[in-house]
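**Student:** Dropping a structure here in structure tokens format, bear with me for questions.
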Amino acid sequence: MWEQIRANKRNSILLLMLMAAVLGLLGWIIGMSVSPDPRAGYFGVGVALIIWFILAVVSFAGGDAIFLAASKAVPVTKEVHPQLFDVVEEMAIAAQLPVPKVYIINDPAPNAFATGRNPQSASLAVTAGLLGRLNRDELQGVVGHEMSHILNRDILFVTIAGVMLGTITLLSEVFLRGMFYSSMGRRYSSRDRGGGQAQAIMLLIAILAAILAPIMATLLYFAISRKREYLADAGSARLTRYPEGLANALEKISQNTTQLSVANKVTAPMYIVNPLQKEGMKLSDLTSTHPPISERIKILRGMAGASFADYSDAFSKTTKHATVIPSSALQDDTAVQIRTGSTQPAESAKNQARNIGNIMQQVAGFSILTCACGLKMKIPPNFKASQVKCPRCGTVQPIS
Amino acid sequence: MNCPVCKNPMIILELDRVETDFCTQCGGIWLDAGELELLFEDSHHGRRLVDSFHPEHDIKEKPRPCPICLKKMQKIHIGEKNTQVLIDRCPKGHGLWFDKGELAQVLTKGNFDKERKVIKHLSEMFSHKESEGKK
């Protein structure tokens, strides 16, 4: 997989350069549209490059923190969910990586993502809805998928791409809105002499560029992230030696109908399953960040073993396309047997709902008091009184 | 989640894996969407209770905001005639709000004695308050 890692590092730099070029061009066009003087164009480029530089620094130094904060992920300790920590540690050992920081997103919709600059500073976030619904094998499949993203250095690339995409979208939006509000005044002013026509053409190009740039950036971002999802699925199968776990997890996640409220257009490609997908929508068009889930499940279930070669075969058989697994991975691949899954009975929907509620309360920092009469009282962290009276037996209990 | 009446954070009560949100100040109870049906394991009876809901429009009681979406809740009459209890329901279906004692009224006055288990359960959860009458 070294080739894949090197390619990802190279792509990250390439992406930064490409984004610099796009931003610079956008800056120049906007500059020229304001005034026909070439100095205005250079000024635009200068401003754009300064913005680019700040962004590059930000995405290297704190891109992961931005995404974690935007997703309202809370760092948790082992006590909150011991099984999650077990599985994360297990997968980190299997992938020969340091154990990433673990975050929980307090949302009932099931999903997960990984972020960070490098494996040493990686973070892994899962939602309460995911933890409540999946059994150990399924959770392992999802964590294995995220661990593969970390192993392949996808996390740096996607973080940079996300920050850059966010800025381009923001810049063009600001420009387009500015155009809309200022166009009325400009049309009737007597300021434009002579160079009016050239300026009008530049203005047209500027509007076009401002509309196209975010679309182009989005397409690029999406096209790349789909291949990554397949690769991470293959990696998960190999790390867990149990492709059925991830397949079951994906199936459960896709049955969910609640939307993840903290996800948005920019953070969507980071998740294991597209969080913005509406029910019944077919995700086979250009703009989909993730391959169709049904296809991912079919590939995983069609694997004869758990190695990259097995995934590659199953992939070609299911999609009728050439394999997405890089040749270097296939070369130093060894045969991996599929292990037998545990026979944990499936939990009822009611129990799952209760699990999710419990995890969310724990993450939110509720303190739990059990009265002598058997009634359990869960006190929210913002509860003001220092004691609470049990409504069942009337005992007054202090809140620690 | 904050109480729609006194705006203070509510606590969650759990007895035998049944959960309700409870305001320690005014004694009101919030049931999340579907929780009422969950309480009635046999959802046929829960359905019967839900079927007896009918919205009222000319009620002077002050409208309350849903603790989840903050939309004005509808006033709903629940139960058969003569034994009706007026409760609040979120228009977006987030759940039901019972003022102090209203849930107990619904459960005892309504003809739901077949579900004694649930009634016993819920009235037990708040038995102290009911027997004492006032705070």
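Protein chains in written order, with numbering that gives the first Met the number 0: chain A, 0 to 399; chain B, 0 to 134. The beta carbon of each residue, even a glycine, is placed where N, CA and C say it ideally should be.
Counting only Cβ-Cβ distances shorter than 9 Å, please list the residues of the stretch 7-23 of chain B near chain A, keeping chain order.
**Tutor:** Going along the stretch 7-23 of chain B in chain order, one finds ASN7, PRO8, MET9, ILE10, ILE11, LEU12, GLU13, LEU14, ASP15, ARG16, GLU18, PHE21 and THR23 with a Cβ nearer than 9 Å to chain A.
**Student:** Return the bridge partner residues of ILE28 (chain B) from the DSSP annotation.
**Tutor:** To locate residue 28 (chain B), count along the second sequence from 1; it is residue 29. DSSP lists B:PHE21 and B:PHE97 as partners of ILE28 (chain B).
**Student:** To the nearest angstrom, how far is the alpha carbon of THR76 (chain A) from that of VAL101 (chain A)?
**Tutor:** Along the first sequence, read from residue 1 onward, the residue named residue 76 (chain A) stands at position 77. Along the first sequence, read from residue 1 onward, the residue named residue 101 (chain A) stands at position 102. Spanning the two alpha carbons is a distance of roughly 8 Å.
**Student:** Less than 8 Å between CB atoms is the rule here; does LEU259 (chain A) satisfy it with respect to chain B?
**Tutor:** Residue 259 (chain A) sits at position 260 when you count from the first residue of the first sequence. No, LEU259 (chain A) lies away from the interface with chain B (no Cβ there is under 8 Å from its Cβ).
**Student:** Could you give the distance in angstroms between the alpha-carbon of ASP191 (chain A) and the alpha-carbon of LEU202 (chain A)?
**Tutor:** If you number the first sequence from 1, residue 191 (chain A) lands on position 192. If you number the first sequence from 1, residue 202 (chain A) lands on position 203. Any reading at ASP191 (chain A) needs caution, since the residue's pLDDT is 48, under 50, leaving its predicted position unreliable; the model's value is listed next. If you take the alpha carbons of ASP191 (chain A) and LEU202 (chain A), they lie about 13 Å apart.
**Student:** Going by the beta-carbon positions, is the gap between ARG300 (chain A) and GLU243 (chain A) smaller than 8 Å?
**Tutor:** As a first step, residue 300 (chain A) is located in the first sequence; it is residue number 301 there, counting from the start. As a first step, residue 243 (chain A) is located in the first sequence; it is residue number 244 there, counting from the start. Yes. Within cutoff.
**Student:** Measure the CB-CB distance between GLY356 (chain A) and GLU60 (chain B) and report whether it falls below 8 Å.
**Tutor:** For the purposes of this step, residue 356 (chain A) is identified with residue 357 of the first sequence, where counting begins at 1. For the purposes of this step, residue 60 (chain B) is identified with residue 61 of the second sequence, where counting begins at 1. It is not a contact, given that the beta carbons lie outside the stated cut-off.
**Student:** Leaving out the 5 sequence neighbours to the left and right, which residues in its chain are closer than 8 Å to MET124 (chain B) when beta-carbon positions are compared?
**Tutor:** One-based indexing of the second sequence puts residue 124 (chain B) at position 125. The residues are LEU12, LEU14, VAL17 and THR19.
**Student:** On a Cα-Cα basis, can you pick out the residue from A:VAL57, A:LEU54, A:LYS251 and A:GLN258 that is closest to GLU137 (chain A)?
**Tutor:** By one-based count along the first sequence, residue 137 (chain A) stands at place 138. The option with the nearest alpha carbon to GLU137 (chain A) is A:LYS251.
**Student:** Since MET376 (chain A) is in the beta strand (DSSP E), which residue starts that stretch and which ends it?
**Tutor:** Counted from its first residue, the first sequence places residue 376 (chain A) at position 377. Where MET376 (chain A) is concerned, the enclosing beta strand (DSSP E) stretches over 375-378.
**Student:** Checking contacts by CB at 8 Å: is ARG402 (chain A) closer than that to chain B?
**Tutor:** The requested residue 402 (chain A) does not occur in the structure, where chain A is confined to residues 0 to 399.
**Student:** Could you check the C-alpha separation between VAL162 (chain A) and LEU48 (chain A) for me, to the nearest Å?
**Tutor:** To locate residue 162 (chain A), count along the first sequence from 1; it is residue 163. To locate residue 48 (chain A), count along the first sequence from 1; it is residue 49. Taking the straight line from one Cα to the other gives about 15 Å.
**Student:** How is VAL57 (chain A) classed by DSSP in three states: helix, strand or coil?
**Tutor:** Here residue 57 (chain A) corresponds to residue number 58 of the first sequence, with the count starting at 1. Three-state result, VAL57 (chain A): helix.
**Student:** Looking at the C-beta of GLY244 (chain A), does it have a partner C-beta in chain B at a distance below 8 Å?
**Tutor:** Looking up residue 244 (chain A) in the first sequence gives position 245. No - not a single Cβ of chain B is within 8 Å of the one on GLY244 (chain A).
**Student:** Should ARG135 (chain A) and GLN82 (chain A) be called a contact, given that it needs their Cβ atoms to be closer than 8 Å?
**Tutor:** What you label residue 135 (chain A) is simply residue 136 of the first sequence in a count that begins at 1. What you label residue 82 (chain A) is simply residue 83 of the first sequence in a count that begins at 1. Contact flag set, yes.
**Student:** Using CA atoms only, rank isn't needed, just tell me which of A:GLU172, A:ILE298, A:THR266 and A:ALA246 is closest to LYS401 (chain A).
**Tutor:** Any property of residue 401 (chain A) remains undetermined from this structure, which presents chain A solely from 0 to 399.
**Student:** In terms of residues, what are the limits of the alpha helix (DSSP H) holding PHE314 (chain A)?
**Tutor:** Within the first sequence, numbered from 1, the residue matching residue 314 (chain A) stands at position 315. Where PHE314 (chain A) is concerned, the enclosing alpha helix (DSSP H) stretches over 307-318.
**Student:** Would you say PHE174 (chain A) reaches chain B, if we count a Cβ-Cβ gap shorter than 8 Å as a contact?
**Tutor:** The residue you call residue 174 (chain A) lines up with position 175 of the first sequence. Not an interface residue.
**Student:** Out of curiosity, what's the CA-to-CA distance linking SER347 (chain A) and ASN247 (chain A)?
**Tutor:** If you number the first sequence from 1, residue 347 (chain A) lands on position 348. If you number the first sequence from 1, residue 247 (chain A) lands on position 248. Each residue's Cα considered, the two are about 16 Å apart.
**Student:** Okay, do the stretch 145-161 of chain A and the stretch 266-274 of chain A touch, 3+ Cβ pairs below 8 Å being the bar?
**Tutor:** In short, these stretches touch, since the Cβ pair count reaches three.
**Student:** Kindly indicate if chain B contains any beta-carbon less than 8 Å away from that of LEU130 (chain A).
**Tutor:** Here residue 130 (chain A) refers to the residue found at position 131 of the first sequence. No - not a single Cβ of chain B is within 8 Å of the one on LEU130 (chain A).
**Student:** Taking MET376 (chain A) as the query, report the chain B residues whose CB atoms sit under 7 Å from its CB, ordered along the chain.
**Tutor:** Within the first sequence, numbered from 1, the residue matching residue 376 (chain A) stands at position 377. What MET376 (chain A) touches in chain B: ILE10 and LEU12.
**Student:** Along chain A, in chain order, which residues have C-beta atoms closer than 7 Å to that of GLU136 (chain B)?
**Tutor:** For chain B, the structure presents residues 0 to 134; residue 136 (chain B) sits outside this window and is missing.
**Student:** Just curious, the alpha helix (DSSP H) that ARG353 (chain A) is in, first and last residue?
**Tutor:** On the first sequence, position 354 is the one that residue 353 (chain A) refers to. First-last of the alpha helix (DSSP H) with ARG353 (chain A): 348-362.
**Student:** Using a Cβ-Cβ cut-off of 6 Å (strictly less than) and excluding sequence neighbours within five positions of GLU88 (chain A), which residues of its own chain qualify?
**Tutor:** Taking the first residue of the first sequence as 1, we reach residue 88 (chain A) at position 89. Correct list, in chain order: VAL98.
**Student:** Hey, is LYS71 (chain A)'s beta-carbon within less than 8 Å of any beta-carbon in chain B?
**Tutor:** In the first sequence, residue 71 (chain A) corresponds to position 72, counting from 1. It does not: the Cβ of LYS71 (chain A) has no partner Cβ on chain B nearer than 8 Å.
**Student:** Residue ranges of each beta strand (DSSP E) run of no fewer than 3 residues wholly in the stretch 39-114 of chain A, ordered along the chain?
**Tutor:** The qualifying runs are 72-74, 100-104 and 111-114.
**Student:** Please report whether the beta-carbon of ALA384 (chain A) lies at a distance below 8 Å from any beta-carbon of chain B.
**Tutor:** On the first sequence, residue 384 (chain A) is found 385 positions in, with the first residue counted as 1. So, interface residue.
**Student:** Does any residue of chain B bring its CB to less than 8 Å from the CB of GLN396 (chain A)?
**Tutor:** Translated into the one-based positions of the first sequence, residue 396 (chain A) becomes position 397. So, not an interface residue.
**Student:** Please list the partners that ASN381 (chain A) has in chain B, where partner means a Cβ-to-Cβ separation under 7 Å.
**Tutor:** Reading the first sequence from its first residue, position 382 is the one you call residue 381 (chain A). Per Cβ cutoff of 7 Å: PRO8.
**Student:** Below 8 Å on the Cβ atoms is my contact criterion, and I expect ALA305 (chain A) with ILE29 (chain A) to pass it. Report the Cβ-Cβ distance as a whole number of Å.
**Tutor:** As a working mapping, residue 305 (chain A) is identified with position 306 in the first sequence. As a working mapping, residue 29 (chain A) is identified with position 30 in the first sequence. The pair is not a contact, with the Cβ atoms about 52 Å apart (cut-off 8 Å).
**Student:** If you measure from the beta carbon of GLY356 (chain A) to each beta carbon in chain B, is any gap under 8 Å?
**Tutor:** Translated into the one-based positions of the first sequence, residue 356 (chain A) becomes position 357. Yes, because at least one Cβ of chain B sits closer than 8 Å to the Cβ of GLY356 (chain A).
**Student:** Smallest Cα separation from ILE4 (chain A): which of A:LEU169, A:ILE149 and A:ALA262?
**Tutor:** Here residue 4 (chain A) corresponds to residue number 5 of the first sequence, with the count starting at 1. Considering only alpha carbons, the answer is A:ILE149.
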